[in-house]
Amino acid sequence: MPASAANNRPEDLTARLGVGAGAAQGEALLKALREVKNQIIGNKTKKLLYLHLGAVPKIVSVLAAAAASPSSDSGGISRGGDAAVIVQAAAAIGSFACGVEDGVRAVLDAGAVPHLTSILSHDDEKVVDAGARSLKMIFQSELAPKYDVLQEKNLNFILSLLDSDNENVTELAASIIAHSCETNEQQKALCDAGVLLRFVSLLGGSSNQKDGCLESIAAVIKNNPEVSSRFSCTGNGKALNALANLIQDRYPHTRLLACKCLIAVGHASPCYVEELQIKTKLVLVLVELLEEPGRVGNEAPFSLKTLIADDEELHKQALSVNAIEKLCSILQMSSVQARRLQGILLALAELCSKLEKCRCQLMSPQVLNLIVDALKHDCMDVRVAACDCIRNITRSLKNLSAGCLSSEAFIVRLVQLSHDPSTSVQIAALGALCNIVINCATRKSVLIKCGGVSQLVQLSKSMDSALRSKSVLALRNLMFLADITDKEFILKELTLCTLASLIYDSECSIQEQALALTSDLVDGCSQSVKHVLAEDSIILDAVMRQLQNASSIGVCIQGMFVLSNIAAGSESDKDTVMNYLVPPQTDSCIPSFTIKFLQSKDILLRVASLWCFVNLTDPASVGSSRRVARLQDAGIVLQLKSMLNDPCLDCKLRARMILEQCMELETAQA
Amino acid sequence: MEIGEDPCGHRHLPSPKPTALFVLVFHFHRTIDEISCAAPMSKKVITREEWERKLKDVKIRKEDMNKLVMNFLVTEGYVEAAEKFRVESGTEPDIDLATITDRMAVKKALQSGNVEDAIEKVNDLNPTILDTNPQLYFHLQQQRLIELIRSGKIEEALEFAQEELAPRGEENQSFLEELERTVALLAFEDVKNCPYGELLDVSQRLKTASELNAAILTSQSHEKDPKLPSLLKMLIWAQNQLDEKAAYPRINNLTTAALEDPAV
Numbered sequence: 000m001p002a003s004a005a006n007n008r009p010e011d012l013t014a015r016l017g018v019g020a021g022a023a024q025g026e027a028l029l030k031a032l033r034e035v036k037n038q039i040i041g042n043k044t045k046k047l048l049y050l051h052l053g054a055v056p057k058i059v060s061v062l063a064a065a066a067a068s069p070s071s072d073s074g075g076i077s078r079g080g081d082a083a084v085i086v087q088a089a090a091a092i093g094s095f096a097c098g099v100e101d102g103v104r105a106v107l108d109a110g111a112v113p114h115l116t117s118i119l120s121h122d123d124e125k126v127v128d129a130g131a132r133s134l135k136m137i138f139q140s141e142l143a144p145k146y147d148v149l150q151e152k153n154l155n156f157i158l159s160l161l162d163s164d165n166e167n168v169t170e171l172a173a174s175i176i177a178h179s180c181e182t183n184e185q186q187k188a189l190c191d192a193g194v195l196l197r198f199v200s201l202l203g204g205s206s207n208q209k210d211g212c213l214e215s216i217a218a219v220i221k222n223n224p225e226v227s228s229r230f231s232c233t234g235n236g237k238a239l240n241a242l243a244n245l246i247q248d249r250y251p252h253t254r255l256l257a258c259k260c261l262i263a264v265g266h267a268s269p270c271y272v273e274e275l276q277i278k279t280k281l282v283l284v285l286v287e288l289l290e291e292p293g294r295v296g297n298e299a300p301f302s303l304k305t306l307i308a309d310d311e312e313l314h315k316q317a318l319s320v321n322a323i324e325k326l327c328s329i330l331q332m333s334s335v336q337a338r339r340l341q342g343i344l345l346a347l348a349e350l351c352s353k354l355e356k357c358r359c360q361l362m363s364p365q366v367l368n369l370i371v372d373a374l375k376h377d378c379m380d381v382r383v384a385a386c387d388c389i390r391n392i393t394r395s396l397k398n399l400s401a402g403c404l405s406s407e408a409f410i411v412r413l414v415q416l417s418h419d420p421s422t423s424v425q426i427a428a429l430g431a432l433c434n435i436v437i438n439c440a441t442r443k444s445v446l447i448k449c450g451g452v453s454q455l456v457q458l459s460k461s462m463d464s465a466l467r468s469k470s471v472l473a474l475r476n477l478m479f480l481a482d483i484t485d486k487e488f489i490l491k492e493l494t495l496c497t498l499a500s501l502i503y504d505s506e507c508s509i510q511e512q513a514l515a516l517t518s519d520l521v522d523g524c525s526q527s528v529k530h531v532l533a534e535d536s537i538i539l540d541a542v543m544r545q546l547q548n549a550s551s552i553g554v555c556i557q558g559m560f561v562l563s564n565i566a567a568g569s570e571s572d573k574d575t576v577m578n579y580l581v582p583p584q585t586d587s588c589i590p591s592f593t594i595k596f597l598q599s600k601d602i603l604l605r606v607a608s609l610w611c612f613v614n615l616t617d618p619a620s621v622g623s624s625r626r627v628a629r630l631q632d633a634g635i636v637l638q639l640k641s642m643l644n645d646p647c648l649d650c651k652l653r654a655r656m657i658l659e660q661c662m663e664l665e666t667a668q669a
Numbered sequence: 000m001e002i003g004e005d006p007c008g009h010r011h012l013p014s015p016k017p018t019a020l021f022v023l024v025f026h027f028h029r030t031i032d033e034i035s036c037a038a039p040m041s042k043k044v045i046t047r048e049e050w051e052r053k054l055k056d057v058k059i060r061k062e063d064m065n066k067l068v069m070n071f072l073v074t075e076g077y078v079e080a081a082e083k084f085r086v087e088s089g090t091e092p093d094i095d096l097a098t099i100t101d102r103m104a105v106k107k108a109l110q111s112g113n114v115e116d117a118i119e120k121v122n123d124l125n126p127t128i129l130d131t132n133p134q135l136y137f138h139l140q141q142q143r144l145i146e147l148i149r150s151g152k153i154e155e156a157l158e159f160a161q162e163e164l165a166p167r168g169e170e171n172q173s174f175l176e177e178l179e180r181t182v183a184l185l186a187f188e189d190v191k192n193c194p195y196g197e198l199l200d201v202s203q204r205l206k207t208a209s210e211l212n213a214a215i216l217t218s219q220s221h222e223k224d225p226k227l228p229s230l231l232k233m234l235i236w237a238q239n240q241l242d243e244k245a246a247y248p249r250i251n252n253l254t255t256a257a258l259e260d261p262a263v
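So the sequence lines, in the order shown, correspond to chains A and B.
Its first residue numbered 0, the first sequence is counted upward by one per residue in numbering that gives the first Met the number 0.
Its first residue numbered 0, the second sequence is counted upward by one per residue in numbering that gives the first Met the number 0.
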């Protein structure tokens, strides 16, 4: 039928919509609306086309006119006609708001929400259904306006929806709450109004209603201990029991949502979900849900990760129900969706964060290759997740030295990712590199050969402090136990000037890493000390300046380790450190920090300071007796004697060791 | 489950004689446990008398069976039969029977090749079904294309594939593959015997109709599959389990549910 096909062209149809001159009336209008609706449902291309043609405001004006029409009260045929127009218009508006962001925007801009809301009180149940469905579509979008439930009017509106017998209306109320409830006050207001009670009673309803209620319950109790414990006490634990039953519901989506609710209760008020039995069940259910297709399978790994986060016991539980095997088998399926892949990798990363047993299960070449492949994924979130996963796998020294992850291409790939356009990918990639280079000469040399050092140096000058921090940490790990040529190379790329400015960085954590990098440079390698003293002792001056400022304990500890590593060097190195700690001129008082550090409450700072003096009083060194005399004069020996009863065994032993060395030197002289 | 015939003409209820069958399913669990304690070497033989005695001990409530039958009628869309069964047995369906009529009208339109009509009907029933179910929407559009090819409207088919289906293929790789298979039909003179000829088969219509039926049921918060077939599956599974441990009167013919004497 070419004639009618021509009439159904989007341009012609749009022209017939609307109110007033030129627009179709009555049956013709109804037909046009229905045709547009049928063309756009499920069809993104058509939606965009009609949006472009300006159909949305026209349809909203038709809805507004029909909803306001007085004939809707007069009964008879015209009333039915109006209802039919409203139903078609509402359905079309709902469809525009589904799946296309521009569509939601157009619907909101055309002012559809108040009109759709007004038809919720229509006599005709079909009109109410259409309005509620359409609004539900709108409120599933992030762009929809939030109802501030702290305003009485809004709260009453939502409560009236919740009281409806119409399932579409109660589901709408649940969607609005899930979408709008954000602050603790809002959560409390909803709870005070009895919303949670109502939801619990609705949990007995149809599966769609159940799902809506579960989503809203999670939104109302999330991170709110007070509301969460009130929920848990509802009806003597009836609410919690209902959730516990629903994690075994017939429908996977319902099971997932019930798990999410229980996880939210567990996080907000741990005492109610503390029994391991419930958590074990949750682990079991979520691990089963991993294999579900679609949305459920996509979201399940995220929930699993949240549930077991930082809990070694639950990691073990997950391991015992073959979580890793299942995650890996999904990883090995062809064409896994980005969201799912991200979740799987994050769940694997979590499982590998603590237990060596978990990491070992991932050591098959196929699985590792897939994780490494994910580093190249188009989606940024997947790349981040893959980096996190590798970082946690390589926490294991055994895996590191087993060389499974030493392939050159893979380190090169991580170095490339440290230039990624996304900062979160850069940070995650640096995190993985930090672990990978820590203790393996071959990997260090791969990194150095592929230009990784200059890349890290460049990032250490970044404006973003997180990037600076991670790149300095990576350089530090690279420096750790490196051979002298590598050390020289790293320092040449880094330059003394950059190192000094990192020691002076505005962030304490970065100062700390830069100092640690310096002490790793000097460690066990007296040849490197010359660098610390080069260019007018630019580095050592920086170290001393930070020790005097004593901005954070961590900085002081690392600074003292630098000094003690230098003091382990030659005679003149020892004297240099000595001159900094106890200046030779008798009139200038010793730097205030020396004694203060020895008296610090922090064990590690005391240990680091004591090690300095252990090295300065080494009996094998000719200048030691001279230095001991100066320590005596400066009152440091007295302080050391008071440390013979230090509560920390390590400190006690170091103090005794120093004093014994002093005695040995004195007797040798006598 | 697919129903090939038009269900509206039914006057007779499917005669439910499933007692023995249900008893078996409910009974098996215990029997397997009992037997697994026995010596695993030789198979235990259970005589027909013994078996029937055991079955007699298991009680099944009449209402439960009626509900199963009602569930089957409702899910499969036998609305008149369901209505009659409601009156005769007093079993209330868990869904408004009027919605079955609508659902069946959609299914019927699709089964008779009128895909557009089916789409309009399902959109009237609930406009969110096809909007939230891209795979189903694609399969319906694919079915439209198949119907165009079947009726020899080649130019229209090409235009439709290009305008309506190609954009869906861009959104989803697996849709693209299916689309390519369907469009390939156009390349053959004798489409019925070409490699993808099965797309033109009635079974393809039924497949799409069944997918649509399931989606409508889900939107009505109703289970998409009747429970009866899963009980039968469970029966077969349980018999297979038991076969390893015992010789017993087996049900081989599900439609007669006759107990066959154990082979000793």
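Cβ atoms here follow ideal geometry from the backbone N, Cα and C, with glycine treated the same way.
These numbers come from a predicted model, not from an experiment.
Practice task
Please report how far the alpha carbon of A/Asp164 lies from the alpha carbon of A/Ala63, in whole angstroms.
Solution key: 25 Å
Exercise for the section: Leaving out five residues on either side along the sequence, give the residues of the same chain with a beta carbon under 6 Å from the beta carbon of A/Ser133. Expected result: Ala89, Ile92, Gly93, Leu115
Exercise for the section: Could you tell me how far apart the beta carbons of A/Leu50 and A/Val35 are, in whole angstroms, since I believe they sit closer than 8 Å? Expected result: A/Leu50 to A/Val35, Cβ: 12 Å. No contact.
Handout entry: Whether A/Val542 touches A/Gly558 by CB criterion (7 Å)
Key = yes
Practice task
Give the residues from the segment 134-162 of chain B that approach chain A closer than 7 Å (Cβ to any Cβ), ordered along the chain.
Solution key: Tyr136
Exercise for the section: Kindly say whether B/Ile67, judged by its beta-carbon, lies nearer than 7 Å to any beta-carbon of chain A. Expected result: Here residue 67 of chain B turns out to be Leu, not Ile, going by the sequence shown. Not an interface residue.
Practice task
For B/Ala156, I'd like the list of residues in its chain whose CB is within less than 7 Å of its CB, leaving aside the five on either flank, ordered along the chain.
Solution key: Leu144, Leu147, Ile148, Leu185
Handout entry: Among A/Ala465, A/Asp463, A/Leu493, the one whose alpha carbon lies nearest that of A/Leu477
Key = A/Leu493
Exercise for the section: Could you check what DSSP says for A/Val335 in three-state terms: helix, strand or coil? Expected result: coil
Practice task
Tell me B/Lys44's beta-bridge partners as DSSP assigns them.
Solution key: The question names Lys, yet the displayed sequence has Val at residue 44 of chain B. The partner list for B/Val44 (beta bridge, DSSP) reads B/Ala246.
Exercise for the section: Answer yes or no: do A/Gly25 and A/Lys57 have a C-beta to C-beta separation smaller than 7 Å? Expected result: no
Exercise for the section: Answer with yes or no whether the minimum CB distance from A/Ile40 to chain B is below 7 Å. Expected result: The Cβ of A/Ile40 sits closer than 7 Å to at least one Cβ of chain B.
Practice task
Drop a sphere of 10 angstroms on the beta-carbon of A/Asp210, count the other beta-carbons inside from all chains shown, and report buried for 16 or more, exposed for fewer.
Solution key: buried
Handout entry: Cβ pair B/Glu75, B/His138 closer than 7 Å
Key = With respect to B/His138, B/Glu75 sits apart: the two C-beta atoms are not nearer than 7 Å.
Practice task
Starting from the beta carbon of B/Leu129, find every residue of chain A whose beta carbon is closer than 7 Å, and list them in chain order.
Solution key: Within chain A, the residues near B/Leu129 are Ile40, Gly41.
Practice task
Would you mind working out which of A/Leu344, A/Ser421, A/Asn391, A/Asp372 sits nearest A/Met379, comparing C-alpha positions?
Solution key: A/Ser421
Exercise for the section: Find the nearest neighbour of A/Ala667 within the set A/Ser624, A/His252, A/Val613, judged by alpha-carbon distance. Expected result: For A/Ala667, the closest of A/Ser624, A/His252, A/Val613 by C-alpha to C-alpha distance is A/Ser624.
Handout entry: Cβ pair count under 8 Å reaching 3, the segment 151-170 of chain B against the segment 120-128 of chain B
Key = These segments do not touch.
Handout entry: A/Cys327 beta carbon near the ligand FAD (any heavy atom closer than 6 Å)
Key = Among the components of this structure there are no ligands whatsoever, and the ligand FAD is therefore not found.
Problem - Top-ranked residue by Cα proximity to A/Asn155, from A/Ala513, A/Ala188, A/Glu184 - result: For A/Asn155, the nearest C-alpha among the options comes from A/Ala188.
Handout entry: Residues, ordered as in the chain, of the segment 197-223 of chain A that lie near chain B by beta-carbon distance below 9 Å
Key = Gly204, Ser205, Ser206, Asn207, Gln208, Lys209
Handout entry: Per-residue burial, B/Ser150 [other beta carbons within 10 Å of its own, 16 or more giving buried]
Key = The Cβ neighbour count for B/Ser150, taken over all protein chains shown within 10 Å, is under 16; the residue is labelled exposed.
Exercise for the section: Assign A/Leu374 to one of three DSSP states: helix, strand, or coil. Expected result: coil
Exercise for the section: Please say whether A/Ala346 and A/Pro300 have beta carbons closer to each other than 7 Å? Expected result: yes
Practice task
Drop a sphere of 10 angstroms on the beta-carbon of A/Ile343, count the other beta-carbons inside from all chains shown, and report buried for 16 or more, exposed for fewer.
Solution key: It counts as buried.
Practice task
Would you mind reading off the limits of the alpha helix (DSSP H) that contains A/Ile323?
Solution key: 322-330
Handout entry: B/Asn122 at chain A interface by Cβ criterion, 7 Å
Key = yes
Exercise for the section: Specify, as a first and last residue, the run of the alpha helix (DSSP H) that A/Ile635 falls within. Expected result: 635-641
Exercise for the section: Below 6 Å CB to CB, which residues in the same chain sit around B/Cys7 once its five sequence neighbours on both sides are set aside? Expected result: Legend: pLDDT at B/Cys7 = 37, less than 50; position of this residue unreliable, value from coordinates given subsequently. Once the five neighbours on either side are set aside, B/Cys7 has no close Cβ partner at all.
Practice task
Please work out which residues of its chain come closer than 6 Å, Cβ to Cβ, to A/Phe138, disregarding the five sequence neighbours upstream and downstream, and give them in chain order.
Solution key: Ser174, Ile175, His178
Exercise for the section: Below 7 Å between beta carbons is the criterion; list the residues of the segment 88-110 of chain A that meet it against any residue of chain B, in chain order. Expected result: For the segment 88-110 of chain A, the set of positions with a beta-carbon nearer than 7 Å to some beta-carbon of chain B reads Ala90, Gly93, Ser94, Cys97, Gly98 in chain order.
Exercise for the section: Give, in chain order, every unbroken run of the alpha helix (DSSP H) that is at least 4 residues long and sits entirely within the segment 134-218 of chain B. Expected result: 153-159, 165-170, 172-182, 201-218
Problem - Neighbourhood of B/Gly112 by C-beta distance below 8 Å, restricted to the same chain and skipping five residues each side - result: Glu146, Arg149, Arg204
Problem - Straight-line gap, A/Ala628 to A/Asn564 (C-alpha atoms, nearest Å) - result: 22 Å
Practice task
Note down, in chain order, each residue of its chain lying with its Cβ closer than 7 Å to the Cβ of A/Phe198, except the 5 sequence neighbours on either side.
Solution key: Cys212, Ser215, Ile216
Exercise for the section: Please state if the CB of A/Leu416 and the CB of A/Ala428 are separated by a distance shorter than 7 Å. Expected result: yes
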